[in-house]
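Residue numbers (my numbering), protein chains in the order written: chain A, 703 to 1053; chain B, 703 to 1053. Just so it is clear, CB atoms sit at the ideal spot from N, CA and C, and this is done for glycine as well. Being a predicted model, the structure only gives us computed values, none of them experimental. Reviewing the structure listed below.
2 protein chains.
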Amino acid sequence: MFAQIDTPSVIVDLDIAEANIAKFQDYCDSHGLKVRPHIKTHKLPDLAKLQISKGAIGITCQKVSEAEAMISEGGIEDVLITYNILGSKKTARLRALAETVKLSVVADNETVALGLNEAFKDAPSRLSVLVECNTGADRCGVATPEEASKLAAIINALPNLTFKGLMTYPPIGRAKSVNAWLEQANSLIKSRGIDVEVISSGGSPDMWVAHETPLATEYRIGTYVYNDRSLVMRGTCTWDDCALSVLATVVSVPAENRAVIDAGSKVLTSDLLGLNGHGHVLGRDDLTIDQLSEEHGRIVASGPINLTVGERVRIIPNHACVVSNMLDHVEMVRGTRYLGPKPVAARGCVW
Amino acid sequence: MFAQIDTPSVIVDLDIAEANIAKFQDYCDSHGLKVRPHIKTHKLPDLAKLQISKGAIGITCQKVSEAEAMISEGGIEDVLITYNILGSKKTARLRALAETVKLSVVADNETVALGLNEAFKDAPSRLSVLVECNTGADRCGVATPEEASKLAAIINALPNLTFKGLMTYPPIGRAKSVNAWLEQANSLIKSRGIDVEVISSGGSPDMWVAHETPLATEYRIGTYVYNDRSLVMRGTCTWDDCALSVLATVVSVPAENRAVIDAGSKVLTSDLLGLNGHGHVLGRDDLTIDQLSEEHGRIVASGPINLTVGERVRIIPNHACVVSNMLDHVEMVRGTRYLGPKPVAARGCVW
């Protein structure tokens, strides 16, 4: 299959991606929740525009450079950057961005808010800022609803910023406690006479219980477009829902129960996401990719490996988002039909 | 420091890299061992040429596309590709390569040898092939000295190939048993009347005991040019010998004992190499980078974190080679002097 494609390559099945986009959009539509896809998974302007054409309100990026790459082709008009943006180089680029799209960002501390305010001095319009809230994932975010309220007031008082609402990347499986946290922050901020227009939650693992955070007005979601082994293992989707796979060739079968493929950590990455092994070989539940080096993936079996040198395998990686960051192109297909390579526009955009 | 450099960025200190190159070259010179650096660590033609100018006999690559990228600028004339190369697309490119440089490759099975032989039909000269030997690392390689001898005979009998010798990526810490394995294979092959010109071993972890495999004629080594946390932890080098670091900015200090930097797995990668944590914050032994997501690195401390939003940190990653594959450019420095960005010519070359 896909004889035209050299290995290792990252394959994206557009039929499956389109179905994934439609299914979650329908779910959110039925619950009155807006969808704001996170482009980190695909990094492709075409897919972002497809998500918007199916009903998404805009996109989510994490870095300014991702946003720049995504909007360069046009057709994307609303961008939320869910990251504390610091430093005059980045805030200057942010200000330029704000003149071309409807832009909002987040902050979880006053230093960031002051930097944004400084950069938007005399700008044509104020920058919208959401307060990032730590509702239990313990990454970024203000620690308590009280702190959220205080930071909202600080932002609201700055001349070049507008407080827009709350944003959280919630811990998995705790939608109800997240809702309670946001309820409290929302009340505290409103009691200051400040409007909370947007409450943004997200995450693919909990995508089908997004409605259990009814306070959220929008949902940021990335992996759902491709899905991956981590989401299959959680029961969020099935192997048939996985749009991204890695095509690899068996280059060595040096022992009865061991084989080596030409995809290593430079394609599959070392992300485990709590799983054992480095991906699922489609159609071969008996195999484990137990070790990666940069260019070698080692596959072991409890019995005979039944793979031959030169044979191709398709692998669903543990984590789709990081895999789409590894190569300059992905190979687009629909089922068994090869469409061609597509440059990964926002690959490597970490600034 | 390095105010001109935006974060996150990969910094390479040329002074340290040059010292690392010189030190290992001296060691090998004193033991009569040839050095064939593996370019996977730096992926930079300039550094490969520097390694050659200091005494290396040529370079090692793992993929055809890496070799193409490395020789594109000229100045590199001897390349060993330590990989089973399969498929007519790759072998055609290999044949083109062989017309521009002194080229050798490896094979650990007959299918690969036959494919190489087919591709070099009517070529101006035969392709040199080493037999890859599994001396205990259990990745690729023929399983026994007897199999090595058989495959050597097969290669030797093919009209378009020349059997050149043996190659192994040895298990760490077992130089003496590796030598015994190679001795046996060498004897068996010579008893067939076949010459064994090259015996190629390698690996940075055992670089200072390379002389304990006296049968080896050349040593392939990658990480030594930059070093990394994994090699410091093994006692192979010190923090001061680490030429590659990641410059990052603290973007959030959301709790007394927690901070977040703008370098996540898209820069540091998730490679653990058996270590806890995702890198060493220089000058801060009390800190642990305990969690990475794509754009966030979470740092925790047992006591107060003593980091402020906007502060910069330098991190020695667990594994230098994979980090140099993540961004299109590295930033070259000498001490505190900034030299400028350098494109990573062989980044993403997995074919």
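- Query: Would you say Arg1014/B and Arg738/B are within 8 angstroms of each other, going by their C-beta atoms?
  - Reply: Taking the second sequence and counting its residues from 1, the one referred to as residue 1014/B is at position 312. Taking the second sequence and counting its residues from 1, the one referred to as residue 738/B is at position 36. Contact: no.
- Task: For the segment 738-766 of chain B, enumerate the residues whose C-beta is nearer than 9 angstroms to any C-beta of chain A, in chain order.
- Result: Lys742, Gln764, Lys765
- Message: Give me the chain A residues within the contact set of Thr813/B, using Cβ-Cβ distance strictly less than 7 angstroms, ordered along the chain.
- Response: By 1-based counting over the second sequence, the position of residue 813/B is 111. Per Cβ cutoff of 7 angstroms: Val1011, Gly1012.
- Asn1008/A to Leu949/A, Cα distance in whole Å? Your numbering for residue 1008/A matches position 306 in the first sequence. Your numbering for residue 949/A matches position 247 in the first sequence. Approximately 18 angstroms between the Cα atoms of the pair.
- Task: Starting from the N-terminal side, write out each stretch of the beta strand (DSSP E) that is 3 residues or longer and does not extend beyond the segment 859-891 of chain A.
- Result: 863-870
- Taking only beta-carbon atoms, is Thr915/A less than 8 angstroms away from chain B? The residue given as residue 915/A occupies position 213 in the first sequence. With 8 angstroms as the cut-off, Thr915/A does not count as an interface residue toward chain B.
- Item | Gly1050/B: contacting residues in chain A (beta-carbon distance under 8 angstroms) | Locating residue 1050/B in the second sequence gives position 348, counting from the first residue. Those within 8 angstroms of Gly1050/B in chain A are Lys968, Met1028, Leu1029, Asp1030.
- Would you verify that the beta carbon of Asn836/B is, or is not, closer than 8 angstroms to some beta carbon of chain A? Here residue 836/B refers to the residue found at position 134 when the second sequence is read from its first residue. Cβ-Cβ to chain A under 8 angstroms: yes for Asn836/B.
- Message: Alpha carbons only, please: which of Cys1051/B, Thr743/B, Asp973/B, Val962/B is nearest the one belonging to Glu997/B?
- Response: Taking the first residue of the second sequence as 1, we reach residue 997/B at position 295. Selected option, being the one with the closest Cα: Val962/B.
- Item | Chain-order list of residues whose beta-carbon lies under 8 angstroms from that of Arg841/A (same chain, five-residue window excluded) | By 1-based counting over the first sequence, the position of residue 841/A is 139. Excluding residues within five positions, the ones whose Cβ falls inside 8 angstroms are Tyr871.
- Query: Taking the alpha carbon of Thr919/A as the point to measure from, which residue in Ala1047/A, Asp992/A, Val1002/A, Lys866/A has its own alpha carbon closest?
  - Reply: Residue numbering aside, residue 919/A sits at position 217 when the first sequence is read from its first letter. Of the candidates Ala1047/A, Asp992/A, Val1002/A, Lys866/A, the one whose C-alpha sits nearest the C-alpha of Thr919/A is Lys866/A.
- Message: I'd like to know whether the C-beta of Ser954/A is nearer than 8 angstroms to at least one C-beta of chain B.
- Response: Here the question's residue 954/A lines up with position 252 in the first sequence. Yes, Ser954/A counts as interfacial toward chain B.
- Item | Pairwise C-alpha distance: Ala1047/A and Ala771/A | Stepping through the first sequence from its first residue, residue 771/A is reached at position 69. Stepping through the first sequence from its first residue, residue 1047/A is reached at position 345. Distance between the alpha carbons of Ala771/A and Ala1047/A is about 6 angstroms.
- Query: Name the DSSP beta bridge partners of Val948/A, please?
  - Reply: As a working mapping, residue 948/A is identified with position 246 in the first sequence. Beta-bridge pairing links Val948/A to Val712/A, Ile1017/A.
- Item | Beta-carbon separation (whole angstroms), Thr971/A vs His1021/A, contact threshold 8 angstroms | If you number the first sequence from 1, residue 971/A lands on position 269. If you number the first sequence from 1, residue 1021/A lands on position 319. Thr971/A to His1021/A, Cβ: 7 angstroms. Contact.
- What residues in its chain sit with their C-beta under 7 angstroms from that of Val953/A, if we drop five residues either side in the sequence? On the first sequence, residue 953/A is found 251 positions in, with the first residue counted as 1. Val962, Ile963, Asp964, Val1011, listed in sequence order.
- Apply the 10 Å Cβ neighbour rule to Gly905/B and answer buried if 16 or more other Cβ atoms are within range, or exposed otherwise. Mapped onto the second sequence, residue 905/B falls at position 203. By the 10 Å Cβ count, Gly905/B comes out buried.
- Query: What does a CB cutoff of less than 8 angstroms around Ile707/A pick up in its chain, not counting 5 residues either side in sequence?
  - Reply: Your numbering for residue 707/A matches position 5 in the first sequence. Closer than 8 angstroms at the Cβ level, and outside the excluded window around Ile707/A, lie Ile713, Leu949, Glu1033, Tyr1040.
- Identify which residue in Ala957/B, Val911/B, Leu816/B, Ile761/B has its Cα closest to the Cα of Thr846/A. In the first sequence, counting from the first residue as 1, residue 846/A sits at position 144. Ranking the options by Cα distance to Thr846/A, first place goes to Ala957/B.
- Message: Assuming the contact rule is C-beta atoms closer than 8 angstroms, Cys1023/B and Thr743/B should be a hit. Round their C-beta distance to whole Å, please.
- Response: Working through the second sequence from its first residue, we reach residue 1023/B at position 321. Working through the second sequence from its first residue, we reach residue 743/B at position 41. Rounded, the Cβ-Cβ distance is 5 angstroms, consistent with contact.
- Query: Just to confirm, are Ser967/B and Asp973/A a CB contact at a threshold of 8 angstroms?
  - Reply: Indexing the second sequence from 1 puts residue 967/B at position 265. Indexing the first sequence from 1 puts residue 973/A at position 271. Contact: yes.
- CB Val1052/B to CB Lys792/B, shorter than 8 angstroms? Residue mapping note: residue 1052/B aligns to position 350 of the second sequence, counting from 1. Residue mapping note: residue 792/B aligns to position 90 of the second sequence, counting from 1. No; because the gap between Cβ atoms is not below 8 angstroms, this pair is not in contact.
- Message: List, in chain order, every chain A residue whose beta-carbon is nearer than 8 angstroms to that of His998/B.
- Response: To locate residue 998/B, count along the second sequence from 1; it is residue 296. What His998/B touches in chain A: Arg841, Cys842.
- Item | Span of the alpha helix (DSSP H) around Asn819/A | Sequence index remark: in the first sequence, residue 819/A carries index 117 (1-based). Looking at the DSSP string, the run of the alpha helix (DSSP H) that includes Asn819/A is 812-821.
- Task: Run down chain B in chain order and give the residues with a C-beta less than 9 angstroms from the C-beta of Tyr785/A.
- Result: Here residue 785/A refers to the residue found at position 83 when the first sequence is read from its first residue. Those within 9 angstroms of Tyr785/A in chain B are Val953, Asp964, Glu997, His998.
- Message: Suppose contacts are defined by Cβ-Cβ distances below 8 angstroms. Is Arg936/B in contact with Pro907/B by that definition?
- Response: Reading the second sequence from its first residue, position 234 is the one you call residue 936/B. Reading the second sequence from its first residue, position 205 is the one you call residue 907/B. Cβ distance < 8 angstroms, so Arg936/B and Pro907/B count as in contact.
- Item | Arg828/B in three-state terms, based on DSSP | Translated into positions along the second sequence, residue 828/B becomes position 126. Note: Arg828/B maps to coil in three-state DSSP.
- Item | Sequence-distant residues of its chain with Cβ nearer than 6 angstroms to Ala758/A (five each side left out) | Residue mapping note: residue 758/A aligns to position 56 of the first sequence, counting from 1. Excluding residues within five positions, the ones whose Cβ falls inside 6 angstroms are Val737, Pro739.
- Indicate whether at least one CB of chain B lies closer than 8 angstroms to the CB of Thr971/A. Within the first sequence, numbered from 1, the residue matching residue 971/A stands at position 269. Yes, its Cβ sits closer than 8 angstroms to a Cβ of chain B.
- Message: Assuming Ala809/B and Asn786/B are in contact, meaning their beta carbons sit under 8 angstroms apart, how far apart are those beta carbons, in whole angstroms?
- Response: Numbered from 1 along the second sequence, position 107 holds the residue referred to as residue 809/B. Numbered from 1 along the second sequence, position 84 holds the residue referred to as residue 786/B. Ala809/B to Asn786/B, Cβ: 6 angstroms. Contact.
- Query: Are any of the Cβ atoms in chain B nearer than 8 angstroms to that of Trp1053/A?
  - Reply: Indexing the first sequence from 1 puts residue 1053/A at position 351. Chain B, which has a Cβ nearer than 8 angstroms to the Cβ of Trp1053/A, makes this yes.
- Message: Excluding the 5 residues flanking Thr915/A on each side, which residues of the same chain have their C-beta closer than 6 angstroms to its C-beta?
- Response: For the purposes of this step, residue 915/A is taken as residue 213 along the first sequence, with counting starting at 1. Cβ within range, chain order: Ala877, Val880, Asn881, Ser903.
- Identify every residue that forms a DSSP beta bridge with Asn978/A. By one-based count along the first sequence, residue 978/A stands at place 276. The partner list for Asn978/A (beta bridge, DSSP) is empty, contrary to what the question assumes.
- For chain A, find out if any of its Cβ atoms is closer than 8 angstroms to the Cβ of Cys1023/B; answer yes or no. Looking up residue 1023/B in the second sequence gives position 321. Closer than 8 angstroms: yes.
- Message: With H, G and I counted as helix, E and B as strand and the rest as coil, what does DSSP make of Ser806/B?
- Response: Translated into the one-based positions of the second sequence, residue 806/B becomes position 104. Three-state result, Ser806/B: strand.
- Message: Check for me: the beta strand (DSSP E) holding Ala1003/A runs from which residue to which?
- Response: Here residue 1003/A refers to the residue found at position 301 of the first sequence. Residues 999-1003.
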